[in-house]
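Participant: So the sequence lines, in the order shown, correspond to chains F and R.
Position one of the first sequence corresponds to residue 11 (the numbering used here), numbered consecutively onward.
Position one of the second sequence corresponds to residue 11 (the numbering used here), numbered consecutively onward.
Just so it is clear, CB atoms sit at the ideal spot from N, CA and C, and this is done for glycine as well.
Quick one: structure below, then a few questions.
2 protein chains.
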Amino acid sequence: MDNETEEPQIDAPEEDEYTLGRKAVAAILDAVDRDDRDTLVALMEPLHAADIADLLEQIGSYERTRLIRLYDREFDGEILSELDESIREEVIGILAPHVLAEAVRELESDDVVDLVEDLEEPQQAAILGALEDADRVAVEQALAYPEGSAGRLMQREVVMAPEHWTVGQAIDHMRNADTLPDQFYHVILVDPRMHPVGNVTLGRLMAARRDVPLRDLTEDMFRVIPVTQDEEDVAYAFNQYHLISAPVVDDEGRLVGAITIDDAMIVLDEEHEEDILRLAGVGEGSLSDSVAETARQRVPWLAVNLATAILASLVIAQFEDTISRYVALAVLMPIVASMGGNAGTQSLTVAVRALATRDLTGSNVWRVIRREALVGLLNGLVFALVMGAVGLAWFGSPGLGYVIAAAMVINLLVAGVAGTVIPIAMEKFGIDPALASGTFVTTVTDVVGFFAFLGLAGIVLL
Amino acid sequence: MDNETEEPQIDAPEEDEYTLGRKAVAAILDAVDRDDRDTLVALMEPLHAADIADLLEQIGSYERTRLIRLYDREFDGEILSELDESIREEVIGILAPHVLAEAVRELESDDVVDLVEDLEEPQQAAILGALEDADRVAVEQALAYPEGSAGRLMQREVVMAPEHWTVGQAIDHMRNADTLPDQFYHVILVDPRMHPVGNVTLGRLMAARRDVPLRDLTEDMFRVIPVTQDEEDVAYAFNQYHLISAPVVDDEGRLVGAITIDDAMIVLDEEHEEDILRLAGVGEGSLSDSVAETARQRVPWLAVNLATAILASLVIAQFEDTISRYVALAVLMPIVASMGGNAGTQSLTVAVRALATRDLTGSNVWRVIRREALVGLLNGLVFALVMGAVGLAWFGSPGLGYVIAAAMVINLLVAGVAGTVIPIAMEKFGIDPALASGTFVTTVTDVVGFFAFLGLAGIVLL
């Protein structure tokens, strides 16, 4: 604790109303340090489970263990739901079995699914064992659907009504129901074969007279989600069509559950996280991973980068003679490669993002490739002028100016094309373009950059 | 049309159920080409406004104009809402004034706000003029709030009830109301001074007996959003606390509107888009921007990159003598710089993302910096061994192996620290770390990489 507060504070990021301040965290850790359970519980009481989870992720492993042991019976199941996967297992291991059992029993079945699906066998069994029979069956049924499918995401409890009912019948039915789902926004109308045929929002139901037939109140926008659909597509549908909740159906089109917008929002957020981290070659990491684990996660991409950097060096090695006679080339050559890499990354990111949002489709793929090629050519010409002038001014050689200018045009044109075609091809072959494209694109721009610059120099200058 | 279909199709991205297929697009464009209004309307009829907007974004400007003129009176206001800003102005310019007026009159006032806030003065005036008086006043009041604030995002129509009402009173009130908002999920309880004191979900209201007091049904989770709060913070609160809707209050804490999760989801998606594009130095671009516009948007980042690449070249120039005596250095030096750049980008992306999700705060900033430094050191040692061996094997010089190994350790350690400290410092100074950090980090790794490698070589090898 003490050396934490003694450290200079100049680099601390801005704090705001949704982030737990340093002082609040310090007070909590101080209570833990003094084994003062009452103060700890009092300090944690106003915090939302999501904020407690963030706190647990941000403190060190030793303090985390002590805090959890002291907090003990107060530990809420929702905190587990909110925790990052990387430390969820650790926290579950720390909790006493009866505390864990109590915590998971409070959760909705879809939250339990989310909680257990990534756990190792023994921990998964411990949690399933703690559930009541009905809940355990529901969780096991959900786990039978493929990972990342709508079946894993949906809640099984839905409010439905036969399509011929009136508003009054629906309201009476709900008022007499033993339990209603925690979150629901629609009554789903079903036909006699249990096929969903429409949604009635609760707001409309509320405002209508009792004798109005439900089918007169259905929403225009009605989409049914197949239970095996990928969660990424589910999130896309919610975002594209502004859905609030959608019925989920099995292979025969029968209603088996419902997905609500809050679940879709979480998936959307995770997809974004994955895209941004994959583009940088960071994989699945989280801030609470250990040093060794983080280093290990980053090695593959660095190794691939090393291989491509060596490839680029092999190109340079072909021109050792040229360089030894004209050392200025060694000084200038990284500029051409670097500009190509940057322009390629720009095109690549636009393409990866457009593929993710489905703005880049079969209908405009050629228009986009053409556009990126022209953008590369145009910016190549702009920076050819600039670098040609710099080359001339710096080394006093018009030849060198021409060479670097020509190499710049070639490399930026290639960068625009490669930055667009490579991710499109990846997607076509079923590989996540965010994951794999970056390496290919910078390999292309490095190799082309060095080859064009040194090759032209060999012809023009020697 | 014709040269579109003749093009090879091998690169077309995968199509799925949420993307309009090439054939559907071709049929629509064919109808436009033949001026066949009936077929066009029939083909467009089943499409959601969001899909029509995507279609308009994906086709060329000439076809877009013809399609819109032919579609004419069918043009729905929601299509305008869904259109990307980059072509929204163009489309508004194409629409006949009476069609535009009809289209915007169908929209909810918060959608009109979103539509007009980025338009130029004459177009904005044309749309405001088309609205009925009450709607226009509502839009103008919303525009009085700062851009990107909760006030711009909220809907002004809310359903509220005095805190002492019962379920029956609330239901009767709603049933007798002339109009209810299009989307609402809660009844907001207010005290006599119009301060919101709790939320009752419609589901709970529905399930309760008529004589139950509303205040017995309020949700545990209740957050009030200040009207001046930044929309980014609003989206964070919805995502963190799984809010479905939240009341918005003015400076005196009085209820002035409500924000729903679907609005927050759109903001979250925009923030992600901005982050990912800014990290790549692409700014605000969209696929439907023109070539010249796109090229212009990308110049600033390329210019900054050129400046930093020249800085790195100046470092190399200090060692021209060394290189001319030992050309192998020119072959190997890009490897050290490239590895540092990649490792720095990894650390940087993790830090930028963690700042955006508020996982990196004052409480763990020093732990994260330490962790990234250690990860850099560890991976530096791994790749020092690999590159030392490669250098030795390739050029048969143990000295060269030692030099490249040492430079690798130094540069990857520096990359880890710079990749973390720079974005944190940017955030501290109120600059978006996604926008500005990349340049600084790669400048540091380029300069350090070349300096360490060539400097050590000068000492060890010569």
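Report the option in F:V378, F:S298 and F:A34 whose CA atom is closest to the CA atom of R:L370.
Facilitator: Nearest C-alpha to R:L370: F:S298.
Participant: Once you ignore the five residues that flank R:I271 on each side, which residues in its own chain have a CB closer than 6 angstroms to its CB?
Facilitator: If we look at R:I271 and ignore the five residues flanking it on each side, its Cβ neighbours are F248 and I254.
Participant: If we count the other Cβ atoms within 10 Å of its Cβ and call it buried at 16 or more, is F:G9 buried or exposed?
Facilitator: Residue 9 of chain F is absent from the structure shown; chain F starts at 11 and stops at 472.
Participant: Taking only beta carbons into account, state which residues of the stretch 247-259 of chain F come closer than 8 angstroms to chain C, listed in chain order.
Facilitator: Among the protein chains in the structure shown, which are F and R, there is no chain C.
Participant: Whose Cβ in chain F lies nearer than 8 angstroms to the Cβ of R:L287?
Facilitator: Chain F residues near R:L287: T359, V360 and R363.
Participant: What span of residues does the beta strand (DSSP E) with R:H282 cover, start to end?
Facilitator: Per DSSP, R:H282 belongs to no beta strand (DSSP E); it is in the alpha helix (DSSP H), I271 to L289.
Participant: Please give the ranges of any alpha helix (DSSP H) in the stretch 81-152 of chain R, keeping only runs that are unbroken, at least 4 residues long and fully inside the region.
Facilitator: For the stretch 81-152 of chain R, whole alpha helix (DSSP H) runs of length 4 or above, ordered along the chain, are 87-92, 95-104, 107-115, 119-126 and 131-140.
Participant: With DSSP as the reference, please indicate the residues paired to R:M170 in a beta bridge.
Facilitator: Answer is R:I198.
Participant: Only counting the same chain, and skipping five residues up and downstream in sequence, which positions put a Cβ closer than 7 angstroms to that of R:D121?
Facilitator: Correct list, in chain order: S91.
Participant: Here's the rule I'm using: 16 or more other beta-carbon atoms within 10 Å means buried, otherwise exposed. How should F:I414 be labelled?
Facilitator: By the 10 Å Cβ count, F:I414 comes out buried.
Participant: Between the stretch 203-216 of chain R and chain F, which residues of the former have CB atoms less than 9 angstroms from a CB of the latter, in chain order?
Facilitator: From the stretch 203-216 of chain R, only T211, L212, G213, R214, L215 and M216 have a Cβ closer than 9 angstroms to chain F.
Participant: Out of curiosity, what's the CA-to-CA distance linking R:E73 and F:L384?
Facilitator: Approximately 21 angstroms between the Cα atoms of the pair.
Participant: Identify every residue that forms a DSSP beta bridge with F:Q165.
Facilitator: In DSSP, F:Q165 forms a bridge with F:A268.
Participant: Quick one: which chain F residues come within Cβ less than 9 angstroms of R:M54?
Facilitator: Correct list: empty, because the minimum Cβ distance to chain F is about 15 angstroms.
Participant: Residues in the same chain with beta-carbon distance under 7 angstroms from R:A41, minus the five sequence neighbours each way, listed in chain order, please.
Facilitator: Correct list, in chain order: T49, L50 and L53.
Participant: Count the other CB atoms within 10 Å of the CB of R:H58; is the residue buried (16 or more) or exposed (fewer)?
Facilitator: So R:H58 ends up on the buried side.
Participant: With the cut-off set at 7 angstroms, would you say F:T176 and F:D221 are in Cβ contact?
Facilitator: A contact, by the Cβ cut-off of 7 angstroms.
Participant: Is the number of C-beta pairs between the stretch 156-172 of chain R and the stretch 195-205 of chain R that are closer than 8 angstroms three or more?
Facilitator: In short, these stretches touch, since the Cβ pair count reaches three.
Participant: Applying a beta-carbon distance threshold of less than 7 angstroms, which residues of chain F neighbour R:M474?
Facilitator: With chain R covering 11 to 472 only, the question about residue 474 of chain R has no answer from this structure.
Participant: Would you say R:Q68 faces chain F, with C-beta separation under 7 angstroms as the test?
Facilitator: Answer yes: the Cβ-Cβ gap between R:Q68 and chain F drops below 7 angstroms somewhere.
Participant: Would you kindly report the start and end of the unbroken alpha helix (DSSP H) that includes R:P443?
Facilitator: R:P443 -> alpha helix (DSSP H) spans P443 to V470.
Participant: Going by DSSP, which residues form a beta bridge with F:L386?
Facilitator: Looking at the sequence itself, residue 386 of chain F is Gly, so the reference to Leu does not match. Beta-bridge pairing links F:G386 to no other residue.
Participant: For F:G70, does the three-state DSSP call read helix, strand or coil?
Facilitator: Three-state result, F:G70: coil.
Participant: Locate the alpha helix (DSSP H) running through F:P408, then write down its first and last residues.
Facilitator: Start and end: P408 to K438.
Participant: Applying the criterion that 16 or more other CB atoms from any shown protein chain within 10 Å of the CB defines a buried residue, is F:N352 buried or exposed?
Facilitator: By the 10 Å Cβ count, F:N352 comes out buried.
Participant: If you follow the alpha helix (DSSP H) that F:P310 is in, where does it begin and where does it stop?
Facilitator: Looking at the DSSP string, the run of the alpha helix (DSSP H) that includes F:P310 is V301 to A327.
Participant: Taking three-plus beta-carbon pairs below 8 angstroms as touching, is the stretch 339-356 of chain F in contact with the stretch 414-425 of chain R?
Facilitator: As far as the Cβ criterion goes, the stretch 339-356 of chain F does not touch the stretch 414-425 of chain R, which means the pair count is below three.
Participant: If we ignore side chains and look at the alpha-carbon of each, how far apart do R:E14 and R:V35 end up?
Facilitator: A caution first: R:E14 carries a pLDDT of 41, below 50, which makes its placement in the model too unreliable to give a value.
Participant: With DSSP run on the structure shown, which of helix, strand or coil describes R:D43?
Facilitator: Three-state DSSP puts R:D43 in a helix.
Participant: Which residues in the same chain have their Cβ closer than 6 angstroms to the Cβ of F:L410, if we skip the five residues on either side of it in sequence?
Facilitator: Closer than 6 angstroms at the Cβ level, and outside the excluded window around F:L410, lie G401.
Participant: On the three-pair Cβ rule with 8 angstroms, is the stretch 303-317 of chain R touching the stretch 277-294 of chain F?
Facilitator: No, the stretch 303-317 of chain R is not in contact with the stretch 277-294 of chain F.
Participant: How long is the line joining the alpha carbons of R:E229 and R:L212, rounded to whole angstroms?
Facilitator: So the alpha carbons of these two residues sit roughly 11 angstroms apart.
Participant: I need the DSSP call for F:P56, collapsed to helix, strand or coil.
Facilitator: Looking at F:P56 - three-state DSSP - the assignment turns out to be coil, as it is neither helix nor strand.
Participant: Within the 7 angstroms Cβ cut-off, does R:F450 reach chain F?
Facilitator: No - not a single Cβ of chain F is within 7 angstroms of the one on R:F450.
Participant: Could you tell me the boundaries of the alpha helix (DSSP H) in which F:F217 lies?
Facilitator: Checking the sequence, you will find Ala at residue 217 of chain F rather than Phe. Taken as a continuous stretch (DSSP letters only), the alpha helix (DSSP H) holding F:A217 covers L212 to A217.
Participant: Under 7 angstroms, Cβ to Cβ, is there at least one residue of chain R near F:G459?
Facilitator: False, the Cβ-Cβ gap to chain R never drops below 7 angstroms.
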